[in-house]
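> Provided herewith is a single structure, encoded as structure tokens, for subsequent inquiry.
Numbering (my numbering), first residue to last: 1 to 602.
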């Protein structure tokens, strides 16, 4: 009791003294605001301006201010799940059945993240325009970079939601809380196109100061080409003119000599090389500075491993891949084995059984079994295909002793540019265009491993060391060769036009052969990358894909235990094209009275 009394006396005495010192003291609340800078501080010098632009680039990464999901959940759910090639369980399964709605948190998360990024760009561009102390060449480059970043986020919104509010330079959600959506698709896409056209003129092919992760002329041209393609899709009466402009922009990227396909598709997600000549834009997440900590303060890494790993190996079950996708590959196409790990399903079709990835992650030397030994991983009344993405579950185990793994998450690869250019040529010239078919065949040659031939030693030296470091960490055997062996001899690859003519006949596709080829090749190349759904929608293949690759009435619903041993996806809904424009988030409609809802959700 005496101790408590002493404590209380001490507290009262301190409070009394504080009261004396604060009463009638004008200095008590006078604080130097060292953290508050003048609005133009960012533009006092070249270095200040360069540093200021980092605040715009920062939004390319997952940031805690917008819940840290950017770069995975909103991107996957909008760019992957509607194709049904990527799948999910629980509430996330709504994204495989067109049951998303205006209250879906992933929509709001993506919306808020993009507009936060756009607001930062608008503030930066406004200040940069008024700046007097910036070297002209630096000012020009920073303007082009900021416009590129703004265009990137506007394009994500436009592809996801259709028409959206277009905040201009100087406008933010603070000073412009209410703004209507663009009055037409033409107006919206012209805003984006104008930004990118300026960026093309202002940027160089190489990044400023040699810093990869800054936008370049190649970035601006690649996205400009895609923007023209979207305008052609949304404003069909101007389609020919816009496909012509798109082809011209993309051709500049191809002829620049700055980009090329990686020799091996299988290595694209390996930490051994980052920002390779195939990368036009990517999100690079590092392995983290807190390997033994829950603290995720750097915002430079995310829970990608846990989202994508098999639940039997510690994953959370956020991403599964379909058997319809897995079975679409030809024998010898190495993209399949580089993209997924399957459970050890007894009696599986021999054509579907990989040499290295059957019940085993060859990069992590980690076996899976148990519930994965069925076509569908079935637990607690939820079923999902027993296939997991090897693009993201390869750089570390879902191990709480070391949570973070380096990740490369691609937004645009040179392969995207090549397919987009081929699409433009087919749209303009018909399905006999030899250059377009040549592009498809070139990408298929890489897919079958022919670009690896003669490069085994160099590829092994670049990409194997990381996995042996992992092996040492996990006390696993040292690897003597790359987990998916490189080709040492050229193989014959079926001609794309002949092969897809047969595929069209066998599956009953109604699309022209060239569109079947592009659509199916994009599925094989870009599975679990954020571009796929929008590519299939814009090109006109999405409905044919859903109806032919996922016919209704196959397999079993989750309520039937037989689903466990059936490989088919059970589709029960009719594809509704209008729903591919996602609903404007409810919160936006409540806060912005000038914004209206998309027709499919009214």
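Yeah, the Cβ is synthetic: ideal placement off N, Cα and C, and Gly gets one too.
For clarity, every value in this text was computed on a predicted model and none was experimentally measured.
In the DSSP assignment, find the unbroken alpha helix (DSSP H) run with residue 340 in it and report its ends.
Within the chain shown, residue 340 is the residue found at index 340, counting from 1. Counting along the chain, residue 340 falls outside any alpha helix (DSSP H), though it belongs to the beta strand (DSSP E) covering 340-342.
> Among 334, 479, 229, whose alpha-carbon lies nearest the alpha-carbon of residue 521?
Indexing the chain shown from 1 puts residue 521 at position 521. Closest option to residue 521, Cα to Cα, is 334.
> Just the C-alpha distance for residue 255 and residue 488, rounded to the nearest angstrom, thanks.
Reading the chain shown from its first residue, position 255 is the one you call residue 255. Reading the chain shown from its first residue, position 488 is the one you call residue 488. Cα to Cα, the separation comes out at about 29 Å.
> Does the Cβ-Cβ distance between residue 119 and residue 67 come in under 8 Å?
Working through the chain shown from its first residue, we reach residue 119 at position 119. Working through the chain shown from its first residue, we reach residue 67 at position 67. No, they are not a contact pair.
> Cα separation between residue 588 and residue 170?
By one-based count along the chain shown, residue 588 stands at place 588. By one-based count along the chain shown, residue 170 stands at place 170. Near 20 Å, if we compare the C-alpha coordinates of residue 170 and residue 588.
> Could you have a look at residue 523 and say whether DSSP puts it in helix, strand or coil?
Translated into positions along the chain shown, residue 523 becomes position 523. In this structure, residue 523 counts as helix in the three-state DSSP scheme.
> Which word fits residue 608, buried or exposed, when buried means at least 16 other C-beta atoms lie within 10 angstroms of its C-beta?
Residue 608 lies beyond the range of the chain shown here (1 to 602); nothing can be said about it.
> Give the single residue among 149, 191, 267 whose Cα lies nearest to the Cα of residue 219.
Taking the chain shown and counting its residues from 1, one reaches residue 219 at position 219. Looking at the Cα atoms, 149 is the closest of the given residues.
> Rounded to whole angstroms, what is the Cα-Cα separation between residue 82 and residue 95?
Position 82 of the chain shown holds residue 82. Position 95 of the chain shown holds residue 95. Each residue's alpha carbon lies about 6 Å from the other.
> DSSP puts residue 281 in a beta bridge; with which residues?
Within the chain shown, the letter at position 281 stands for residue 281. In the DSSP output, where bridge partners are listed per residue, residue 281 has 412.
> CA-CA distance, residue 530 and residue 160?
Mapped onto the chain shown, residue 530 falls at position 530. Mapped onto the chain shown, residue 160 falls at position 160. Between residue 530 and residue 160, the C-alpha separation is close to 11 Å.
> Roughly how many angstroms lie between the CA atoms of residue 553 and residue 571, to the nearest whole one?
To locate residue 553, count along the chain shown from 1; it is residue 553. To locate residue 571, count along the chain shown from 1; it is residue 571. Straight-line Cα distance between these residues: approximately 6 Å.
> To the nearest angstrom, how far is the alpha carbon of residue 76 from that of residue 532?
Position 76 of the chain shown holds residue 76. Position 532 of the chain shown holds residue 532. Each residue's Cα considered, the two are about 10 Å apart.
> Would you give the residue range spanned by the beta strand (DSSP E) that residue 389 belongs to?
Walking along the chain shown from the start, residue 389 turns up at place 389. Here the beta strand (DSSP E) through residue 389 covers 387-389.
> Under 8 Å, Cβ to Cβ, is there at least one residue of chain D near residue 419?
Annotation note: the requested chain D is absent from the structure, which comprises a single protein chain.
> At what residue ranges does the region 498-544 contain a whole run of the alpha helix (DSSP H), taking only runs of 4 or more?
Entirely contained in the region 498-544, the alpha helix (DSSP H) runs reaching 4 residues are, in chain order, 513-525, 532-539.
> If you run the structure through DSSP and keep just helix, strand and coil, what is residue 85?
If you number the chain shown from 1, residue 85 lands on position 85. Residue state, collapsed to three classes: coil.
> For residue 127, which residues from the same chain have a beta carbon less than 8 Å from its beta carbon, with the 5 sequence-adjacent residues on both sides left out?
The residue given as residue 127 occupies position 127 in the chain shown. Counting only Cβ-Cβ distances below 8 Å, and skipping sequence neighbours, we find 39, 40, 42, 43, 52.
> Does the distance from the CB of residue 636 to the CB of residue 138 come in under 8 Å?
In the structure displayed, the chain extends from 1 to 602; residue 636 sits before or after that span and is not available.
> Tell me the rounded alpha-carbon separation between residue 581 and residue 345.
As a working mapping, residue 581 is identified with position 581 in the chain shown. As a working mapping, residue 345 is identified with position 345 in the chain shown. Approximately 37 Å between the Cα atoms of the pair.
> So what's residue 399 in DSSP terms, helix, strand or just coil?
What you label residue 399 is simply residue 399 of the chain shown in a count that begins at 1. Of the three classes helix, strand and coil, the one that applies to residue 399 here is strand, per DSSP.
> Go through its chain and collect everything with a Cβ distance to residue 311's Cβ below 6 Å, but skip five positions before and after it.
Here residue 311 corresponds to residue number 311 of the chain shown, with the count starting at 1. Around residue 311: 317.
> Excluding five sequence neighbours on each side, which residues of the same chain lie with their C-beta closer than 7 Å to the C-beta of residue 60?
Position 60 of the chain shown holds residue 60. Once the five neighbours on either side are set aside, the close Cβ partners of residue 60 are 283.
> Would you mind reading off the limits of the alpha helix (DSSP H) that contains residue 376?
Looking up residue 376 in the chain shown gives position 376. That residue, residue 376, is in no alpha helix (DSSP H); its beta strand (DSSP E) goes 376-379.
> Would you check if the distance between the CB atom of residue 278 and the CB atom of residue 285 is smaller than 8 Å?
Along the chain shown, one-based indexing puts residue 278 at 278. Along the chain shown, one-based indexing puts residue 285 at 285. Cβ distance not < 8 Å, so residue 278 and residue 285 don't count as in contact.
> Suppose the cutoff is 7 Å on Cβ atoms and the five residues either side in sequence are ignored; what does the same chain contact list for residue 585 look like?
Locating residue 585 in the chain shown gives position 585, where the first residue counts as 1. Excluding residues within five positions, the ones whose Cβ falls inside 7 Å are 102, 107, 108, 111.
> Spatial neighbours of residue 437 within its chain, please: C-beta separation below 7 Å, excluding the five flanking residues on both sides.
For the purposes of this step, residue 437 is taken as the residue at position 437 of the chain shown. So the list reads 496, 497, once near-sequence residues are dropped.
> Go ahead and pull the three-state DSSP assignment for residue 365.
Position 365 of the chain shown, counted from the first residue, corresponds to residue 365. Residue 365 falls in the coil class under three-state DSSP.
> Measure how close the beta-carbons of residue 264 and residue 451 come, nearest whole angstrom, since I'm counting them as under 8 Å.
In the chain shown, residue 264 corresponds to position 264, counting from 1. In the chain shown, residue 451 corresponds to position 451, counting from 1. Right, the Cβ-Cβ distance comes to about 7 Å (below 8 Å), so this counts as a contact.
> Helix, strand or coil: which one does DSSP assign to residue 605?
Limits of the chain in this structure are 1 at one end and 602 at the other, which puts residue 605 out of reach.
> Could you name the residues of the same chain whose beta carbon sits closer than 7 Å to that of residue 433, not counting the 5 residues immediately before and after it, in chain order?
Here residue 433 is taken as the residue at index 433 of the chain shown, counted from 1. Hits under 7 Å: 425, 426.
> Any chance the region 342-357 sits against the region 444-460, with 3 or more Cβ pairs inside 8 Å?
Output reads no: the region 444-460 does not touch the region 342-357.
> Does DSSP put residue 394 in a helix, in a strand, or in coil?
In the chain shown, counting from the first residue as 1, residue 394 sits at position 394. Here residue 394 sits in coil by DSSP.
> Return the CA-CA distance between residue 579 and residue 557, expressed in angstroms with no decimal places.
In the chain shown, the residue the question calls residue 579 occupies position 579. In the chain shown, the residue the question calls residue 557 occupies position 557. Roughly 23 Å separates the two Cα atoms.
> DSSP three-state call for residue 591: helix, strand or coil?
In the chain shown, counting from the first residue as 1, residue 591 sits at position 591. Helix, per DSSP.
> Quick check: is any heavy atom of the ligand COA less than 7 Å from the C-beta of residue 473?
The model depicted lacks the ligand COA and carries no ligand whatsoever.
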